[in-house]
Structure formats: C-alpha cells, structure tokens
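J.: Using the numbering used here, the first residue of the sequence shown is number 1496, and each one after it goes up by one.
Beta carbons: idealized from backbone N, C-alpha and C, even for Gly.
Got a structure for you, written out below as structure tokens; questions coming shortly.
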Amino acid sequence: MKKHIKCSSPSKIIFFGEHAVVYGYPAIVSAISKRSFCEIKSNKDESFSIDLMNFKTSKTYQKSALDSQFKEKNKKFSSFLAIIKNLNDFKSFDSGFNIKIYSEVPIGAGLGSSASVNVSLVNALNYFFELNLSRKEISEFAFIGEKEIHGNPSGIDNTIATFGGMLWYENKKFEPLEFMGNLSFIVSNTNIHRNTGELVEHVRKLYGKKKDKVTELFESIKVIVKKAKISLKKNDLFELGNLMNLNQEILEKIGVSNPEIEDLIQIAKKNGAYGSKLTGAGGGGCIISLTDLDNEKKLLDALNKKSKSFKVELDRKGTLLEI
C-alpha cells in the first residue's frame, strides 16, 4: 500500500454523431486535455473520507459503509461509494484512507466530467492498494459509478477517459481511431444545464412521428462521420470544419440546438473557426470550434466576450498516475 497517490483522467467531446449514435449509427469521440484529479492519502484508523473540492463538501464513512446493506442517499457521493464498495469486494482494503476529488472540467456541460472523476478514483485506488488492474478493468469499475449516476449509459465516457485518444463508436462497440497532428479546439460553455434524458426523449418522439425524415437525417450524419474518419487521417482541417458545420445543421433540424448555441457558433465562424458545433446532447452545454495555432487567440478572445471559453487539445494519454 502507498501513502500518497494522485491520478488524473481526461474529459471528452463528441466530435461527430451525437443522437444518431443512439440508433446504431457511428460517432467519433475524443478525449480532451481538461482533466479531473483524485488524491488518496492513508490515515491511521479504519474510516475513509471523500472530499469533493468543487462542491466544497465532504463526508466520512466507517468501514461498515462498505457492507452491501449500506445505501448512500446523497447523489453527490453515491457513485464514489459504489466504486469503493466494488473494489473492496475485489480486494479487501486493509487500512483507512482520505480521498480528495477535484476537476478542471465544467460539471453538467456534456464533457464527461463524471466519468473523468470516476476513472481517476478507480485508478488512484488501483495504485494506492496495488490492485494491478488493467485499463479494461479500470474502465469497467468506473462504469459501475456511471450507472449509479446515469442509469443506463453507453460506456463511451468511461472508456475514453480510461484509454484517451479517439474512438469510433458504433452499435455499442469501440474502435481506436488514428489521427494525424494535434487538433486544437475552443470549447465554449452556454452555462445552460440541460437534461440529456429529455433531449434523447425529444429525438425519440420525433423519430416516432417522422421516422423516414429522421432516418434520412441520421443517414446524412453517418456519411459525415465516415468522411470525418478519412479527414482525420489526412489532418485536413478545412474538411473537418466543413463536416462539423454540416453535422450542426442536422442537429439544428432535429431540434437539439438553441439560440444560445447558434449565437456562439456564428461568433466562431466570423472569427476564423474551421467549423463549430454543439457537442453532446445539446439544448445548452458546450460548443466546440476547430482552430489552429495562428487563429486560436483571436477566436478565444471573441468567444470569451459571449461565454466562458477555453482551449483544449486532444488527449492521447488517458488516465495517468501523477504522483
């Protein structure tokens, strides 16, 4: 057992294909450089504590909380306790410990903040108690926490936070994607907290009423995603930007964009973005704008006048041991 461990994991963007992916169509997902962190230190008794620094709240548990009968009612802590319980069942913890969790990732903005944190927790416990988990196992234990929060998630977020890089996701199967260069984005937050379930339900109802029309739109997204896969290998920023714009037009047609998103996209286009689109469920959350080194400051300054924006790069590393 170690005395002090710190691990981090990336957040994510859906580059192409959101919503259509629910119906078996492909999507491209990427890890990005904003990270979440988990520190664990040993203590001298058998209790363990969880300090959620972004929420300025903490909780201490006795070891009896790891019993299968104990239920955590506080949603802020329930996913972490579920992970800790399952890892303790895997290999019984032999000492007390104090956990600190904090994140650079905006919460509830569609960037996979919960998975980023859950993966960091699993990996920190992995190193702290010398569990020797594989990356696949780290992702699987983090998925337990994701299910506690989201009910029936796809597994995209914990997979990308664990492995990093870029993934092709289709019909619940993942495939690593090759990409050239080091793509840079400006992420802009509308600060509108959206309900992913409600937006997915909106599209489901639309699909039920206008199946042929929505299927046609999803088929167009499929073509876009396949072209993007080719453009990534060539590092063709102009084509990738054009495909982002086309994807956004379709997302607008299915009713998951809104005026705040569209305003930010217009600002991005007027200030030299190759392309710009919402990422994730829509209805708020974040947009992503593809840029390059020459233009990123101008674009960032323009977007920051309207909303909180920041630069990210694609992350190839996944979850890491920091100390």
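(1) Skipping 5 residues on each side, what residues in its chain have a beta carbon closer than 6 Å to that of Glu1734?
(2) Between Asn1593 and Phe1543, which are expected to be in contact by the criterion C-beta below 8 Å, what is the C-beta distance as a whole number of angstroms?
(3) Looking only at DSSP bridge pairs, what is Asp1546 linked to?
(4) Would you call Gln1743 buried or exposed, if buried means 16 or more other Cβ atoms sit within 10 Å of its Cβ?
(5) Identify whether Arg1530 lies in helix, strand or coil by the three-state DSSP scheme.
(6) Could you spell out where the beta strand (DSSP E) holding Asn1618 opens and where it closes?
(7) Closest to Lys1536 by CA distance: which of Ser1715, Ala1526, Pro1521 and Lys1497 is it?
(8) Quick one: grab the DSSP three-state call for Asn1790.
(9) So Gly1692 is in the beta strand (DSSP E); what residue range does that whole segment cover?
(10) For the beta strand (DSSP E) containing Lys1539, list its first residue and its last residue.
(11) Quick one: does the C-beta of Leu1672 sit closer than 8 Å to a heavy atom of the ligand GDP?
(12) Check Val1807 in the structure and name its three-state DSSP category.
(13) Pull the bridge partners of His1499 from the DSSP assignment, please.
(14) Would you say the region 1687-1695 touches the region 1711-1728, given that touching needs at least three Cβ pairs under 8 Å?
(15) Please report the Cβ distance between Thr1814 and Asn1618, rounded to the nearest whole angstrom; I am assuming they are in contact, meaning their Cβ atoms lie under 8 Å.
(16) Identify every residue that forms a DSSP beta bridge with Ser1784.
(17) Report all residues from its chain with a CB closer than 6 Å to the CB of Ser1611; omit the five preceding and five following residues, and keep chain order.
(18) Can you give, in chain order, each stretch of the alpha helix (DSSP H) that sits fully within the region 1649-1676 and has at least 4 residues?
(19) Roughly how many angstroms separate the alpha carbons of Ile1508 and Val1516, rounded to a whole number?
(20) Does DSSP put Ile1749 in a helix, a strand or coil?
(21) For Glu1665 versus Tyr1556, is the C-beta distance shorter than 9 Å?
(22) Does Val1718 pass the burial test, meaning 16 or more other C-beta atoms within 10 Å, or should it be called exposed?
(23) Are there three or more Cβ pairs, one per stretch, closer than 8 Å when the region 1677-1688 is compared with the region 1798-1811?
(24) Classify Ser1784: buried if its beta carbon has 16 or more other beta carbons within 10 angstroms, exposed otherwise.
(25) On the DSSP letters alone, give me the boundaries of the alpha helix (DSSP H) that Phe1575 sits inside.
(26) How many angstroms separate the CA atom of Ile1644 from the CA atom of Ser1598?
T.: Judging by the given coordinates:
(1) Ser1726
(2) 7 Å
(3) Ser1553 and Lys1595
(4) buried
(5) strand
(6) Run containing Asn1618: none in the beta strand (DSSP E); it sits in the alpha helix (DSSP H), Ser1608 to Phe1623.
(7) Lys1497
(8) coil
(9) Segment Thr1691 to Lys1704 is the alpha helix (DSSP H) holding Gly1692; no beta strand (DSSP E) there.
(10) Note, Lys1539: premise wrong, no beta strand (DSSP E); not H, not E.
(11) Only the bare structure without any ligand can be found here, which leaves the ligand GDP out of the picture.
(12) strand
(13) Lys1536
(14) no
(15) 5 Å
(16) Ile1681 and Ser1771
(17) Ser1504, Ser1506, Ser1531, Val1600 and Ala1656
(18) 1651-1658
(19) 14 Å
(20) coil
(21) no
(22) exposed
(23) yes
(24) buried
(25) Lys1570 to Phe1585
(26) 17 Å
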